[in-house]
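Before any comments, here is the structure.
In the numbering used here, the protein residues as written are 770 to 1189.
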């Protein structure tokens, strides 16, 4: 029974990279890197060797070859040699009669793993390489032990011929495809999220054309008037002042647009939520006007500070407000109202529209990946928004009635020194 527990523990160590990837990269808009693979593999190799299974004193059986092959596939040769160096040092430290047989085994398994890694890179049918790796890596330890001492194999026949080969083969067959699928899904999510952001930005940009054209037309008209009509100096100066104000307004519009279109970073800092909302509303108003939707916000007393990434906050606000505006696109006298207040040391942002609304089933699926109420939408915008809210320790509730409207209530924790 104890040996079964040890084998199951080894399988857990084999799946640790997959688990750690999903925990660490869950809320990040980036995929894995070599540093993550090295750290994860080094930790897993150390744990698997420390808690190795065994029925013979001095011999340790673990998933070292699984971790080694995983490190090569996803981290490259550099990761493989780091793991080899770790294995040699730690195995000498552990000692026992199985030290040199394990070194011989590794001297065979490691070059074969590199060969399989090279084939994995070149061949399109990667599942075939994974299948081969599972068989080869599971048989090498068995062959080494048999040639070193055949009696050890025959005296523990089930352990050596079934348990250990199956453990290594299953580790490779499960870990590699699972991890590959996880990084593929993350890559797709990042691509779709970026496309969703670019779509939102392009829509807002289209509405800004009219907003920028108005002040430019005003400036052009006054400059033409100054040039063609003789007038007093003070009148010319007043016209120049008007032109300057219009140019500054154009600069302000473009600056606000650029603030939401720049690439996102991961840095967190104190962010004034009200100020961010005001900036987003100024940017989104031309977009709302394009759909004949009234967009306004109830002011609150004083700033409301939260600890967040400013770029991610802006993007999630753009996503939700844009959806609310589009929901009112075909509604006469469409309205989107925002209200920001503090209740029980929590910032409560309410976004209410009188658009087409949603059924309860649609509300329940909001935030799910690839679910959208729009015919051409991917749903990634709201998925991203929900992720941002949850990573900030917040929550979101949605109340909607078809053909009546929708209300989003977003709760976010404020900084401790606020409202004390």
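Each residue gets a CB set at the ideal place from its N, CA and C atoms; glycine is no exception.
Could you please give the first and the last residue of the uninterrupted alpha helix (DSSP H) stretch that includes residue i?
i	result
residue 1178	Where residue 1178 is concerned, there is no enclosing alpha helix (DSSP H), although the beta strand (DSSP E) it sits in stretches over 1174 to 1182.
residue 849	833 to 863
residue 1087	1079 to 1096
residue 804	803 to 819
residue 873	868 to 891
Taking C-beta to C-beta, are residue i and residue j nearer than 8 Å?
i	j	result
residue 803	residue 864	no
residue 995	residue 988	no
residue 1056	residue 1083	no
residue 1049	residue 1086	yes
residue 1124	residue 1170	no
residue 843	residue 947	no
residue 1054	residue 1064	yes
residue 1168	residue 1156	no
residue 943	residue 801	no
residue 1158	residue 1179	yes
With a CB to CB cut of under 6 Å and the five nearest residues on each side skipped, what residues in its chain are close to residue i?
i	result
residue 785	813
residue 1042	1073, 1075, 1116
Skipping 5 residues on each side, what residues in its chain have a beta carbon closer than 7 Å to that of residue i?
i	result
residue 941	835, 838, 899, 902, 903, 906
residue 1077	1037, 1040, 1161
residue 840	806, 810, 848, 849, 852
residue 833	814, 817, 818, 856
residue 892	898
residue 1144	No answer about residue 1144 holds up, because its pLDDT of 46 lies below 50 and its placement is not dependable.
Kindly indicate the opening and closing residues of the beta strand (DSSP E) around residue i.
i	result
residue 1116	1115 to 1122
residue 1134	It is not in any beta strand (DSSP E) - residue 1134 instead sits in the alpha helix (DSSP H) that spans 1129 to 1134.
residue 1058	First-last for residue 1058: 1042 to 1059, but that is the alpha helix (DSSP H), not the beta strand (DSSP E).
residue 1108	1103 to 1112
residue 1170	1164 to 1170
residue 1062	1062 to 1067
Can you give the Cα-Cα distance for residue i and residue j, rounded to whole angstroms?
i	j	result
residue 1147	residue 1153	Note on residue 1147: pLDDT 42, under 50, position unreliable in the model; no value is reported.
residue 1074	residue 1067	17 Å
residue 909	residue 869	15 Å
residue 1139	residue 960	Here the model assigns residue 1139 a pLDDT of 44, short of 50, so the residue's position is not dependable and the matter cannot be decided.
residue 1166	residue 896	43 Å
residue 894	residue 884	15 Å
residue 1121	residue 1095	13 Å
residue 958	residue 997	58 Å
residue 950	residue 1012	57 Å
residue 956	residue 790	13 Å
residue 1107	residue 984	27 Å
residue 854	residue 872	11 Å
residue 1080	residue 779	42 Å
residue 1007	residue 1052	28 Å
Taking only heavy atoms of the ligand ATP into account, decide whether any of them is closer than 7 Å to the Cβ of residue i.
i	result
residue 1167	Summarising the ligand content, the structure contains no ligands, and the ligand ATP is consequently not present.
For residue i, which residues in the same chain have their Cβ closer than 8 Å to its Cβ, ignoring the five residues on either side in sequence?
i	result
residue 881	905, 906, 909
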